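For reference, the structure discussed in these notes is given below.
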Amino acid sequence: MKKLKLLGYGIIALQIATAVIAALSIYTDLTSFMGSLSGGENGGALRLENRTDTVTGAQILTIKVNMQNKGFLEIVATFRLRVLTEQNEVVTEAQDAQRIPPGGSKELAATVTISKEEWEMFQAGTSNISTAQFFFEVRSFFDLIGFGASIDVPALR
Amino acid sequence: MKRAIRAAASTIPYIVFLIVVPLVLLRFIPAELLNALAGGIGIQVQTITTTLALVGISLAALSVLKNLSREESLLKPIASTVGSIVTLYLFLYIIGLGNPLTFGSINIGTAGATILLDLKFIVLLIIVASAVSWNKIDSSQF
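Here the protein sequences come in this chain order: A and B. Heads up: the first sequence at position 74 corresponds to 74 in the numbering used here, and the numbers run straight through without jumps. For any residue, its number in the numbering used here is found by taking its place in the second sequence, counting from 1, and adding 1000.
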């Protein structure tokens, strides 16, 4: 009978732990994700830098985002940038991930390089580059609970 | 008499939280938003509220059965076990936003924009809690 009572308390403890972990993680993930991408006090929205490599003539595209952890748990923020063709083949991709403690903020930067030939074809309208895919993800509670979004932006010539 | 009152009282949380509250909330959601959710990301809010109501009725009926049956009756552990299974289904259904088979890995959106939710660990904890509670039912009542 005593064992059953202990088991009952164990079940209640597990259920409460599940609810607390779920609430803290989802709150941390959502507030960090929304706060960073909607643009907070320290910037936050995407910043684009574009330059040409003077030696090779390649286009170097860097996208930066300032991620802020507005929750209660440590997060791992990931930002990935992919350049895709019409057939969904990856032309080039870059990824950055940072571990951010509660209340902290870090900049994520992804840099992709498009060769001179590909860039010239793209500007001439003969390249099959069609989409830039942005992927953001925030994971918390030992990286076990995550929230992310992927957005495809059509390439404009 | 006391048992009947207890049985009736035990149905109140199921009726309130799974039938009344979702149906009342549904009335406040604008039709445009319901259409956008259904057409844009495939979430049928009406279907979800209907399913919640059906689960609420099932859990209320099982609760009545459990409370009305005698201690030595086999109906009591059967009602408890079925109730636990239905509750587990309810959690998976809510976490999966209407699709319990996602097991916490939710992927909603259309071409061009996708939202990903990874709640597999929460689902795992819920399944473990359900499994342990079945073990308790098994140990105490069979």
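From the three backbone atoms N, C-alpha and C, an ideal C-beta is built for every residue, glycine too. Because the structure is a prediction, the values reported are computed rather than measured.
Return no unless some Cβ of chain A is closer than 9 Å to the Cβ of residue i.
{"i": "B/V1086", "result": "no"}
{"i": "B/S1080", "result": "no"}
{"i": "B/I1122", "result": "yes"}
{"i": "B/I1094", "result": "no"}
{"i": "B/G1109", "result": "yes"}
In chain A, which residues lie with their C-beta within 7 Å of the C-beta of residue i?
{"i": "B/S1063", "result": "The premise fails here: B/S1063 is roughly 18 Å from chain A at the closest Cβ pair, so nothing lies under 7 Å."}
On the premise that residue j lies in contact with residue i, defined as a C-beta separation below 8 Å, what is that separation, rounded to the nearest angstrom?
{"i": "A/L81", "j": "A/F134", "result": "6 Å"}
{"i": "B/S1084", "j": "B/W1134", "result": "6 Å"}
{"i": "A/T113", "j": "A/I60", "result": "5 Å"}
{"i": "B/Y942", "j": "B/T1049", "result": "The requested residue 942 of chain B is not part of the displayed model; chain B covers only 1001 to 1142."}
{"i": "B/F1103", "j": "B/V1123", "result": "5 Å"}
{"i": "B/S1069", "j": "B/A1079", "result": "7 Å"}
{"i": "B/I1106", "j": "B/G1096", "result": "6 Å"}
{"i": "A/E86", "j": "A/N128", "result": "5 Å"}
{"i": "B/T1183", "j": "A/A149", "result": "Only positions 1001 to 1142 of chain B appear in the structure, and residue 1183 of chain B is not among them; the question remains open."}
{"i": "A/I75", "j": "A/T28", "result": "6 Å"}
{"i": "B/G1098", "j": "B/I1043", "result": "6 Å"}
What in chain B is Cβ-close to residue i, meaning under 7 Å?
{"i": "A/I11", "result": "A1129, V1132, S1133 and K1136"}
In chain B, which residues lie with their C-beta within 8 Å of the C-beta of residue i?
{"i": "A/G146", "result": "L1116, L1117 and D1118"}
{"i": "A/I63", "result": "The contacting residues do not exist; A/I63 stays about 17 Å from chain B at best."}
Find the residues of chain B that neighbour residue i, judging by a C-beta separation of less than 9 Å, and give them in chain order.
{"i": "A/A132", "result": "None at all; the shortest Cβ gap to chain B is about 12 Å."}
{"i": "A/I151", "result": "G1112, A1113 and T1114"}
What residues from chain A crowd round residue i, counting only those whose CB sits closer than 9 Å?
{"i": "B/G1125", "result": "A small fix is needed here, since residue 1125 of chain B is Leu in this sequence, not Gly. Ordered by position in chain A, the residues that pass the 9 Å Cβ test against B/L1125 are L14, Q15, A17, T18, I21 and A22."}
Would you say residue i reaches chain B, if we count a Cβ-Cβ gap shorter than 9 Å as a contact?
{"i": "A/F79", "result": "no"}
{"i": "A/E89", "result": "no"}
{"i": "A/R99", "result": "no"}
{"i": "A/F72", "result": "no"}
{"i": "A/I75", "result": "no"}
{"i": "A/S25", "result": "yes"}
{"i": "A/E118", "result": "no"}
{"i": "A/E93", "result": "no"}
{"i": "A/E137", "result": "yes"}
{"i": "A/F141", "result": "yes"}
Does any heavy atom of the ligand ATP sit closer than 8 Å to the C-beta of residue i?
{"i": "A/L14", "result": "The ligand ATP is absent from the structure shown, which contains no ligand whatsoever."}
Exercise. Are at least three pairs of beta-carbons, each pair with one atom in the stretch 58-69 of chain A and one in the stretch 89-105 of chain A, less than 8 Å apart?
Worked result: Contact annotation: the stretch 58-69 of chain A touches the stretch 89-105 of chain A, with at least three C-beta pairs closer than 8 Å.
Exercise. Taking contact to mean at least 3 C-beta pairs separated by less than 8 Å, is the stretch 111-130 of chain A in contact with the stretch 1004-1014 of chain B?
Worked result: Cβ pair count under 8 Å is below three, so no.
For this session: Could you pull out every unbroken beta strand (DSSP E) segment of at least 3 residues lying fully inside the stretch 26-81 of chain A, listed in chain order?
Result: Listed in chain order, they are 47-52 and 59-68.
Exercise. If we count Cβ pairs, one from each stretch, closer than 8 Å, do we get three or more for the stretch 138-156 of chain A versus the stretch 21-29 of chain A?
Worked result: Between the stretch 138-156 of chain A and the stretch 21-29 of chain A, the count of Cβ pairs shorter than 8 Å is three or higher; the stretches touch.
Exercise. Between the stretch 1122-1129 of chain B and the stretch 7-18 of chain A, do at least 3 Cβ pairs fall closer than 8 Å?
Worked result: Yes, they touch.
Problem set entry | Inter-stretch contact at 8 Å, needing at least 3 Cβ pairs: the stretch 1061-1080 of chain B / the stretch 1009-1026 of chain B | The stretch 1009-1026 of chain B and the stretch 1061-1080 of chain B touch, with three or more beta-carbon pairs separated by less than 8 Å.
For this session: Let me know the beta strand (DSSP E) ranges lying completely inside the stretch 86-156 of chain A, each 3 residues or longer, listed in chain order.
Result: For the stretch 86-156 of chain A, whole beta strand (DSSP E) runs of length 3 or above, ordered along the chain, are 90-100, 105-114, 129-140 and 145-154.
Exercise. What are the start and end residues of each continuous alpha helix (DSSP H) run of 4 or more residues lying completely inside the stretch 1105-1129 of chain B, in chain order?
Worked result: Entirely contained in the stretch 1105-1129 of chain B, not one alpha helix (DSSP H) run reaches 4 residues.
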